[in-house]
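Colleague:
There are 2 protein chains.
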Amino acid sequence: MKNGIKEVAKKANVSTATVSRVLNSSEVVTEETKRRVLAVIDELNYMPHAIGRALVTRQTNLIGVILPDVHSEFFSELIRGIDKAARQHNYHIIVSSTHSDKREIESMLTVMQGGRVDGLIIMSPHIDTEEVIKHLSPLSRVVFVNSYLNGASFDSVTIDNYGGAYQMVEHLIEHGHKRIAILKGEERNYDAQERFRGYLDAVKDNGLDRIKNFELLGDFTEESGYDAMIGVLRMKSKPTAIFCSNDSMALGALRAMHEKDIIVPGEIALAGFDDVPSARYVLPSLTSVHVPIFEMGKEAVEHLFVSLEGKNGGEGKKMMLPTLVIKRESCGCTPVAT
Amino acid sequence: MKNGIKEVAKKANVSTATVSRVLNSSEVVTEETKRRVLAVIDELNYMPHAIGRALVTRQTNLIGVILPDVHSEFFSELIRGIDKAARQHNYHIIVSSTHSDKREIESMLTVMQGGRVDGLIIMSPHIDTEEVIKHLSPLSRVVFVNSYLNGASFDSVTIDNYGGAYQMVEHLIEHGHKRIAILKGEERNYDAQERFRGYLDAVKDNGLDRIKNFELLGDFTEESGYDAMIGVLRMKSKPTAIFCSNDSMALGALRAMHEKDIIVPGEIALAGFDDVPSARYVLPSLTSVHVPIFEMGKEAVEHLFVSLEGKNGGEGKKMMLPTLVIKRESCGCTPVAT
DNA sequence: CTGAAAGCGCTAACAA
DNA sequence: TTGTTAGCGCTTTCAG
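Residue numbers (the numbering used here), protein chains in the order written: chain A, 1 to 338; chain B, 339 to 676.
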């Protein structure tokens, strides 16, 4: 037994147009007919067919989200931020967690086109985004999130990776450290680049020497942090503080130091980036840079809706969300609990 | 300048029907015309309008995913598993991370209906799922994931919470522990219940006394683990081992023990559940139960597609994925690295 | 093998 | 205030 707008119309003795008007709460319908229609809708348990509607209104109430392979905390927070804001506008989200692979992103882009979504939120932290951008010229309803845009004229929301790193390194310097190492992330990763840039400038601006030996390469995993730290501990002249470009690497580094009986922060101080939930529960608790991921997702959606409502021409409004240094035990601010 | 199937048809000197045939790789089209049409499609950069197509085929190639507020690791792994499998079938996913709130889930259900999605994957680990179930009678294309179904006739995929807990507790017993405490999760959470049940049975089956004092209540957060552990450490006669219902609580408990100078596992052994990435990097590394979340997502999708292809009547096929005890330092298996 | 035409379920002019 | 009608972009009989 079918159950469309026609059935409702017939049973309520009105035309489908009127049912439609009731559905879209048009003001012109009589209270009387409206009540009658609503009664039938309720009785038949009718629910408008989203696809039929979308075809004519040219609006799907769906926004697409294309993400690379980010760490779980980032992923879930971002999705939740996006979803929450989207729901507030009565939208749903289609997510695709593609790999960072350029070709995959491109294929997602085309697939998501074709009227499937009203807008797109893309995160593409790998440096080869430029290629991708070309492929989405026709669809101006896009907001980039934490991506390398290289001046391209798209709306974007990012977090202040540079500033967070800068402040954190400066904080380490305030503790008296002069030999500060950094555990970098992958070269082609935008976050990693920015955080490294912040480190570099903080070191320079504070008159410290840049020590190339102290610029270690990692890949944002615990394992790479562990491995890099083992290397550091073999150096004849060690750093007195380590700034890790993310918390995962910091955890790995911490483990390595524990195993080698290095006292943190006594012998070597440590700081991370991201402020993951477990940061405050390891020992010593991890000083880190808090990153407003949820808010970034939320803001991305709000930007998108400005475009969707045509208030702007999508002429590339940029927004940068502040990061915040969270001082705990591993940098030496708080005595280590015991 | 528009760019629909009509434009392609005109430019290729065929009817829209033929273009459609080419698009759907119908066998009947001549090689010659097919090439001509494809050329025009390419030239015009044409991409079929998904909504128009969905309206007639009654198929959206979208599956809805409704999740509660789970921890980030679980969330991202599950989504990735689902997304990966869905992509393989050329589907996309609409995700909604509602609260565990019953009413919210219901509203999501109705919203996702209406032709928007071809099927639904729902996770509803709170015990009041039964109510929810009633509201989705018309839509048989549903697979539940890690949910409390109470015998309801839906397809479902779960992980072996019970078995994992049972084996872990038994492992602790093998280490000689006779006084094993458990940090439970929320009462109404299905995972928490099953893990508790596993604990209880393992204790009983091995002839140990059930000590009600040792059954502590938490809520799966680090904080609750910390707080509960502080309580434990105040007991006059303490347990010699703690089984935490998840790793977050185990991390909190570990921190509490460190602060109070309790040696783990020397004085008190510790085990968690979930095997989050950082489990192997804390000190001592955390013995935990590995949970195949990605696979669960993947399996859920495969089950769904069996239903979608009408091979079964959705008569409630259940699948349970095995969990695996990962032995590390915190239970006493491996000497603590140092 | 190809084309004409009839919709899929809904909304939006335009009339009445 | 309500109904009639013409599509939205595509697929799919049914003829040819």
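Virtual Cβ for every residue (Gly too), placed ideally from N, Cα, C.
Given the structure is predicted, the values throughout are model-derived calculations rather than measurements.
(1) To the nearest angstrom, report how far apart residue 584(B) and residue 366(B) are at their CA atoms.
(2) Considering only DSSP beta bridges, list what residue 215(A) is partnered with.
(3) Using only CA atoms, which one of 229(A), 225(A), 65(A), 99(A) lies nearest to residue 249(A)?
(4) Does the stretch 113-124 of chain A touch the stretch 140-147 of chain A, meaning 3 or more C-beta pairs lie closer than 8 angstroms?
(5) Starting from residue 539(B), trace the alpha helix (DSSP H) both ways and give me its first and last residue.
(6) Are residue 431(B) and residue 403(B) closer than 7 angstroms when you measure CB to CB?
(7) Spell out a yes or no on whether the stretch 564-573 of chain B and the stretch 594-605 of chain B are touching, meaning 3 or more CB-CB pairs, one atom from each, closer than 8 angstroms.
(8) On the CB-based measure, 16 or more other CB atoms within 10 Å of its CB, does residue 418(B) come out buried or exposed?
(9) Please check if any C-beta of chain A sits within less than 7 angstroms of the C-beta of residue 632(B).
(10) Check whether chain A comes within 7 angstroms of residue 485(B), counting only Cβ atoms and requiring the distance to be less than that.
(11) Which one of 58(A), 329(A), 78(A) has the shortest CA to CA distance from residue 116(A)?
(12) Starting from residue 42(A), follow the alpha helix (DSSP H) in both directions and report where the run begins and ends.
(13) Between the stretch 102-128 of chain A and chain B, which residues of the former have a C-beta closer than 7 angstroms to a C-beta of the latter?
(14) In whole angstroms, what is the alpha-carbon distance linking residue 260(A) and residue 233(A)?
(15) Taking the beta strand (DSSP E) that residue 482(B) belongs to, which residues open and close that run?
(16) Counting only the same chain and skipping the five closest in sequence on each side, list residues whose C-beta sits under 7 angstroms from that of residue 425(B).
(17) Which same chain residues end up closer than 6 angstroms to residue 340(A) when comparing Cβ atoms and leaving out the 5 residues on each side of it in sequence?
(18) What residue range does the alpha helix (DSSP H) around residue 356(B) cover?
(19) Tell me the rounded alpha-carbon separation between residue 350(B) and residue 374(B).
(20) Closer than 7 angstroms by C-beta to residue 160(A): which residues in its own chain qualify, once you throw out the five before and the five after it? Chain order, please.
(21) Considering only the alpha carbon of each residue, which of 579(B), 523(B), 401(B), 530(B) lies closest to residue 640(B)?
(22) Verify whether the separation of the beta carbon atoms of residue 603(B) and residue 670(B) is less than 7 angstroms.
(23) Any residues in the stretch 379-395 of chain B with a beta carbon nearer than 9 angstroms to a beta carbon of chain A? Which ones, in chain order?
(24) Compute the beta-carbon to beta-carbon distance between residue 83(A) and residue 433(B), rounded to the nearest angstrom, for a pair I have assumed lies under 8 angstroms.
(25) DSSP puts residue 493(B) in a beta bridge; with which residues?
(26) Quick one, which residues of the stretch 260-294 of chain A are near chain B if we go by CB-CB under 7 angstroms, in chain order?
(27) Give the residues of chain A in contact with residue 590(B), contact being defined as C-beta atoms less than 8 angstroms apart.
(28) In chain A, which residues lie less than 7 angstroms from residue 534(B) when you measure between Cβ atoms?
(29) Taking the straight line between their C-alpha atoms, what separation do you get for residue 411(B) and residue 195(A)?
(30) Have a look at 492(B), 496(B), 545(B), 489(B) and flag the residue whose alpha-carbon is nearest the alpha-carbon of residue 515(B).
(31) What are the partner residues of residue 290(A), as DSSP defines its beta bridges?
(32) Verify the CB distance criterion: does residue 157(A) have a CB-CB separation below 7 angstroms to chain B?
(33) Given that residue 479(B) touches chain A, what residues does it touch there, using C-beta distances under 9 angstroms?
(34) Less than 7 angstroms between the beta carbons of residue 378(B) and residue 346(B), yes or no?
(35) When you compare only the Cα positions, how much space is there between residue 214(A) and residue 183(A)?
(36) Return the residue from the list 507(B), 452(B), 415(B) that minimises the CA-CA distance to residue 634(B).
Modeller: In this structure, then:
(1) 58 angstroms
(2) 182(A)
(3) 225(A)
(4) yes
(5) 528-543
(6) yes
(7) yes
(8) buried
(9) no
(10) no
(11) 58(A)
(12) 31-44
(13) 110, 113, 114, 115, 116
(14) 8 angstroms
(15) 480-483
(16) none
(17) As shown, chain A starts at 1 and ends at 338. That puts residue 340(A) outside it, with no answer to give.
(18) 354-361
(19) 6 angstroms
(20) 320, 321, 322, 323
(21) 401(B)
(22) yes
(23) 383, 385, 386, 387, 388, 389, 390, 391, 392, 393
(24) 7 angstroms
(25) 481(B)
(26) 261, 277, 278, 281, 282, 283
(27) 281
(28) Neighbours of residue 534(B) on chain A: none; closest Cβ ~23 angstroms, over 7 angstroms.
(29) 24 angstroms
(30) 545(B)
(31) 274(A), 324(A)
(32) no
(33) Per Cβ cutoff of 9 angstroms: no residues; residue 479(B) is ~16 angstroms from chain A at best.
(34) yes
(35) 8 angstroms
(36) 415(B)
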